[in-house]
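*Asks:* In my numbering, the protein residues as written are 224 to 684.
Here is the structure:
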């Protein structure tokens, strides 16, 4: 279980916040969010995820964590650094909640604690969210947190050393660490540098950013009000990820549509993302991107086959983009198509979205066949399997299932259509099955771990 959920009450306003955690890095995957924003971020209409949160909600509220035997924040720890950073982040960020969202968030919290079966819950849930924007108020990578910071610094490795030495000399920080630990993000975090020495850490991350040694959206939110950090985000054209950048409110629901962009204004952002993304190329880490012209950047991208001729993104009526600038396409979209297939970093490892910007699948596909406005088949990279993805208009939900198809390679589309005609859809589960799957789970007190059957092994977190 790599992504449990943690929750806590902010003592300053008594509001509850939620964070997704990454157990691989042992750091928060997301910044703290209220329940409404958290579910928007994870996918309002992701029925499996919503159902599992519903089933584990008792444990989550009682213990602060979906992990059996775990409690957050630990009452035996005087200064839990993760709890303190969460509170500090909330103090630094602007208050994104408006009065309407506050009322809806409270209604969601009340709904999740009800002692009802899942089908009754989900019917009420769909009614409640029917008039709410499907996407959170900010660009999706705005919500990433310290887990991404830790991962990026690990990828940069020893390249960060001269900049760490420079800043630690300037701010007399060497005494906090031995020679090896001063280059360790975990040591910085656990020794409180982000609390006590924010000017020094801001200086360090600006140096790392200008030398392409950190993903700009991995710079901790705690530092994003520092003037030098703000200027760095503007240099990259990524100011929408700053807390100071106000979100323009729409009178009605936001409508996201796919839009094309010329590549050049976004080249440095693209190179920065490509350097640290698993689909990019790590040879771009440390590239002096502000010393290179656009032609020079294009040349480096060409060497690693990541040429950027144009970008596509989902944009709403006020101009706010939904995704980072990493997607391109080499085909023309029909606005009547329900599914959108985007190429990350120009690769033929396509990601699948709905035409409103909802992310469906990032497994990476080689090809696809759209049978209708609501059913499409996507070919896995092994070229042996296909993913059948179908959309339910009534529930606004997506059903995805891996299938094996015997293809006539000369008539591939017809082979898939024949398969579809004979396909018995597997997601027609009755209410009893769903109620059993998402039954409310008992609360596990700290230390009470069932070693014979761990329910959380079944959770998609």
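Ideal Cβ positions, reconstructed from N, Cα and C, are used throughout, including at glycine.
Which same chain residues end up closer than 6 Å to residue 493 when comparing Cβ atoms and leaving out the 5 residues on each side of it in sequence?
*Replies:* Excluding residues within five positions, the ones whose Cβ falls inside 6 Å are 531, 548.
*Asks:* Exposed or buried, which one is residue 640 when buried takes at least 16 other CB atoms within 10 Å?
*Replies:* So residue 640 ends up on the exposed side.
*Asks:* How many Å lie between residue 643 and residue 577 at the Cα?
*Replies:* Roughly 21 Å between the two C-alpha positions.
*Asks:* Could you spell out where the beta strand (DSSP E) holding residue 593 opens and where it closes?
*Replies:* From DSSP, the beta strand (DSSP E) with residue 593 extends over 582–593.
*Asks:* If you compare alpha carbons, which of 501, 453, 526, 491 is closest to residue 513?
*Replies:* Considering only alpha carbons, the answer is 491.
*Asks:* With residue 598 as the anchor, note down where its alpha helix (DSSP H) starts and where it stops.
*Replies:* Where residue 598 is concerned, there is no enclosing alpha helix (DSSP H), although the beta strand (DSSP E) it sits in stretches over 598–603.
*Asks:* Would DSSP call residue 478 helix, strand or coil?
*Replies:* Here residue 478 sits in coil by DSSP.
*Asks:* Which residues in the same chain as residue 303 place their Cβ atom closer than 7 Å to its Cβ, once the five residues preceding and following it in sequence are excluded?
*Replies:* Excluding residues within five positions, the ones whose Cβ falls inside 7 Å are 296, 297.
*Asks:* Give the list of continuous alpha helix (DSSP H) stretches no shorter than 4 residues that lie fully inside the stretch 351–396.
*Replies:* Listed in chain order, the complete alpha helix (DSSP H) runs (minimum 4 residues) inside the stretch 351–396 are 369–379, 384–393.
*Asks:* Tell me where the beta strand (DSSP E) around residue 614 begins and ends.
*Replies:* Counting along the chain, the beta strand (DSSP E) containing residue 614 begins and ends at 609–615.
*Asks:* Do the stretch 400–409 and the stretch 321–338 meet, that is, are 3 or more Cβ pairs less than 8 Å apart?
*Replies:* Short answer: they don't touch.
*Asks:* Let me know the secondary structure DSSP gives residue 469 once reduced to three states.
*Replies:* Here residue 469 sits in coil by DSSP.
*Asks:* Just how far apart, CA to CA, sit residue 594 and residue 600?
*Replies:* So the two alpha carbons sit approximately 7 Å from each other.
*Asks:* Which whole runs of the beta strand (DSSP E) in the stretch 244–304 are 3 residues long or more, in chain order?
*Replies:* As far as the stretch 244–304 is concerned, it has no whole beta strand (DSSP E) run of at least 3 residues.
*Asks:* Given residue 324, which residues of its chain have a CB within under 7 Å of its CB, disregarding the five upstream and five downstream residues?
*Replies:* Once the five neighbours on either side are set aside, the close Cβ partners of residue 324 are 259.
*Asks:* Return the CA-CA distance between residue 388 and residue 483, expressed in angstroms with no decimal places.
*Replies:* Using only the alpha carbons, I get a separation of about 42 Å.
*Asks:* Quick check: the stretch 406–413 against the stretch 262–275, are at least 3 beta-carbon pairs closer than 8 Å?
*Replies:* No, the stretch 262–275 is not in contact with the stretch 406–413.
*Asks:* Taking its Cβ as the centre, do 16 or more other Cβ atoms sit within 10 Å of residue 380, making it buried, or is it exposed?
*Replies:* Residue 380 is exposed by the Cβ-count criterion.
*Asks:* Is it the case that the Cβ atoms of residue 386 and residue 430 are separated by a distance below 8 Å?
*Replies:* Yes, these two residues count as a Cβ contact at 8 Å.
*Asks:* Mind checking residue 457: buried by the 16 CB within 10 Å criterion, or exposed?
*Replies:* Residue 457 comes out exposed.
*Asks:* Could you tell me the alpha carbon to alpha carbon distance between residue 280 and residue 664, rounded to whole angstroms?
*Replies:* The straight-line gap from Cα to Cα measures roughly 8 Å.
*Asks:* Can you grab the Cα-Cα spacing for the pair residue 310 / residue 436, in whole Å?
*Replies:* Looking at the two C-alpha atoms, the distance is approximately 27 Å.
*Asks:* Please tell me whether, using a cut-off of 7 Å, the distance from the CB of residue 459 to the nearest non-hydrogen atom of the ligand FAD is below it.
*Replies:* Looking at this structure, you won't find the ligand FAD or any other ligand, since it has none at all.
*Asks:* Output the distance between the C-alpha atoms of residue 290 and residue 345, rounded to the nearest integer angstrom.
*Replies:* Residue 290 and residue 345: Cα-Cα distance of roughly 24 Å.
*Asks:* Distance, Cα to Cα, residue 414 vs residue 363?
*Replies:* Answer to the nearest angstrom: the Cα atoms are 30 Å apart.
*Asks:* Measuring CB atoms only, is the stretch 604–614 touching the stretch 580–590, in the sense that at least three cross pairs come out at less than 8 Å?
*Replies:* Flag = yes, the stretch 604–614 and the stretch 580–590 touch.
*Asks:* How about residue 485 and residue 464: do their beta carbons lie closer than 8 Å?
*Replies:* Contact flag unset, no.
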